[in-house]
Each structure stands twice: as C-alpha cells, then as structure tokens.
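Remarks on the structure that follows.
In UniProt numbering, the protein residues as written are 1 to 146.
Structure representation (structure tokens):
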C-alpha cells in the first residue's frame with residue numbers, strides 16, 4: 001500500500017494554497033513597493049488607520065508580522081514619522097501606537113489605490129466563485145482551529 005497516495009491526499013491542497021499565497025503576495029507586494037512602502041509598513045498603517053491607539057500586543061495580533069519583527073518595524077516607522085508611541089493610561093508597563101498625521105495621510109493615499117489594484121484581479125471571479133473561495137478558505141481555517 002502506498003502511504004502517500006492513501007493517507008496524504010491533502011498534499012495537493014497544501015501545494016495549491018502555498019502557490020496561491022505566493023502569487024498573491026508577489027502581486028500585492030510589488031504594487032505596495034511601487035507606492036513607496038514595504039509590505040510590513042502597509043500592514044501596520046492599514047491596521048492602525050481609523051482605530052483607537054493599540055498596544056504592541058494588539059497590533060501583533062491584527063497584523064501578519066511576526067512578533068520578533070514587529071518591534072523593529074515599529075521603531076523604523078516611528079523614525080520615519082508614520083507612527084507615534086504614547087503612554088498607556090490603563091497600564092504603565094505598556095505603550096500605545098497610533099498613526100501620526102503623516103501616517104494617516106499615507107493611508108488615505110495608498111489604501112484606496114491598493115484596493116483598486118487588488119480589485120483588478122478579484123473581479124475576474126464571479127460573485128458565486130468569490131463566495132465559494134471564501135467559504136472554502138473559512139472551512140480550511142476551521143480545521144486548524146483548536
């Protein structure tokens with residue numbers, strides 16, 4: 001009995017998921033870089049935009065940035081004037097992050113432009129196909145949830 005063909009019929013799913021993510025990442029990242037940002041900077045700006053200030057922990061939970069990279073990313077964004085750090089009135093041990101005026105203006109410029117860029121490819125799906133993809137991804141995510 002062939003163990004791989006019998007028990008590992010999920011390998012094509014993993015392969016296609018990885019390929020889809022790589023293609024999406026390449027398409028999205030190239031555009032973001034063309035707007036003058038790194039993908040991690042875009043992720044932080046989009047997450048902090050139009051939100052109340054949040055802690056490093058909250059930002060880490062809401063972005064795709066690894067915890068080990070987040071501190072450096074935030075420090076560089078503070079230096080560039082995109083983010084301000086303020087004291088947390090509820091917890092003296094932590095700080096809150098928020099967009100500066102420059103960060104908010106950057107968001108207002110790049111976010112709609114990037115959404116239009118993504119729409120160019122996602123509009124290739126019918127509404128039914130888009131819903132099916134969404135539901136399939138939700139199902140896939142739930143099998144990994146504890």
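Ideal Cβ positions, reconstructed from N, Cα and C, are used throughout, including at glycine.
Given the structure is predicted, the values throughout are model-derived calculations rather than measurements.
| Asked | Found |
| --- | --- |
| Contacts around residue 39, its chain only, beta-carbon distance under 6 Å, and the 5 residues preceding and following it disregarded | 29 and 32 |
| Environment of residue 79 [buried if 16+ CB atoms lie within 10 Å] | exposed |
| Closest Cα partner of residue 95 within the set 102, 139 and 86 | 86 |
| Short Cβ contact (8 Å threshold) for residue 53 with residue 98 | yes |
| Residue 83: first and last residue of the uninterrupted beta strand (DSSP E) it sits in | 83-87 |
| Within the UniProt domain "HTH marR-type" (7-145), ranges of the alpha helix (DSSP H) (whole runs, at least 4 residues) | 11-34, 39-48, 56-62, 67-79, 101-122 and 127-144 |
| Proximal residues to residue 130 (C-beta, below 8 Å), its chain only, five neighbours per side dropped | 122 |
| Alpha-carbon to alpha-carbon, residue 9 and residue 102 | 50 Å |
| Length of the line joining the Cα atoms of residue 20 and residue 89 | 43 Å |
| Exposure of residue 18, with buried meaning 16 or more beta-carbon neighbours within 10 Å | exposed |
| Reference residue 69; option with closest CA among 22, 119, 91 and 43 | 43 |
| Supposed contact pair residue 56 and residue 73 - C-beta distance, whole angstroms, cut 8 Å | The Cβ separation is near 11 Å, so there is no contact. |
| Per-residue burial, residue 145 [other beta carbons within 10 Å of its own, 16 or more giving buried] | exposed |
| Of the residues 58, 66 and 107, the one placed nearest residue 81, counting alpha carbons only | 107 |
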